[in-house]
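Worksheet: one structure, shown below.
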Amino acid sequence: MSDDAGNRPYPKQVADRREWLGVLAKTPLGDLEQLWQTVPRKPPYEHLRQPETGLAMVRARAGGKGPQFNLGEMTVSRCVVSLSGEAVGVGYVKGRDLRQAELVAVFDAMMQGPDGEWTANSVIEPLKRAQDQRQTKTRSKAARTRVEFFTMVRGDSF
């Protein structure tokens, strides 16, 4: 949540929400359930859209830069909740885990409500740190296997 607002065409609130939704969507259900148990005052919520599973088309580019094409479909679960009419939260996650989509939606709504600061400090930041640590560990593990290739020219073959 540390990007300069002048470098993007959308408001800071949208960028912040995009970031925390990304963190929540990438968090395994077990971690979300553990954090849900730590919420001191669990807010009552109602489903505006019941948790459901569907398909989303995944698009790709040839070589990362070429024209887009439809790579295939993937399973996505989604849910929309309302916290006592205060805030509406949405949850989209890859896979078929309906409870994960529901918890993402609830935490999203909590971030927009009066408990937003507590949720940011007690839920989002620890999850973000854990994801960053996992990513750093994966990168360092991959870096150890990196091989440098070079070519030596023999004689006057050029």
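The numbering of the sequence shown is the numbering used here, which starts it at 1136 and goes up by one.
In this text, a Cβ means the ideal position worked out from N, Cα and C, and glycines have one as well.
Computed from a prediction, not measured in an experiment: that's the story for all the values here.
When the Cα of residue i is compared with those of the options, which residue comes out closest?
i: V1211; options: Q1235, E1221 and F1204; result: Q1235
i: A1222; options: K1272, R1196, D1243 and E1283; result: D1243
i: T1173; options: T1273, G1224 and I1259; result: I1259
i: P1261; options: A1150, P1146 and W1155; result: W1155
i: K1161; options: V1228, S1275, G1207 and T1254; result: V1228
i: G1224; options: M1246, L1206, S1257 and N1205; result: M1246
i: Q1266; options: P1146, D1151 and L1159; result: L1159
Measure the alpha-carbon distance for residue i versus residue j and round it to whole angstroms.
i: L1167; j: L1183; result: 21 Å
i: Q1148; j: F1285; result: 48 Å
i: L1190; j: L1233; result: 14 Å
i: T1273; j: R1279; result: 10 Å
Is DSSP giving residue i helix, strand or coil here?
i: E1208; result: strand
i: G1251; result: helix
Have a look at the DSSP bridge pairing and note the partners of residue i.
i: K1276; result: Answer is none; K1276 lacks a bridge partner.
Can you have a look at residue i and say buried or exposed, based on whether 16 or more other CB atoms are within 10 angstroms of its CB?
i: K1263; result: buried
i: T1252; result: Per the sequence shown, residue 1252 should be read as Glu rather than Thr. It is exposed - the Cβ of E1252 has fewer than 16 other Cβ atoms within 10 Å.
i: D1250; result: buried
i: D1138; result: Residue placement at D1138 cannot be trusted, given a pLDDT of 46 that sits under 50; what the coordinates show is reported in the next sentence. It counts as exposed.
i: A1197; result: exposed
i: T1254; result: buried
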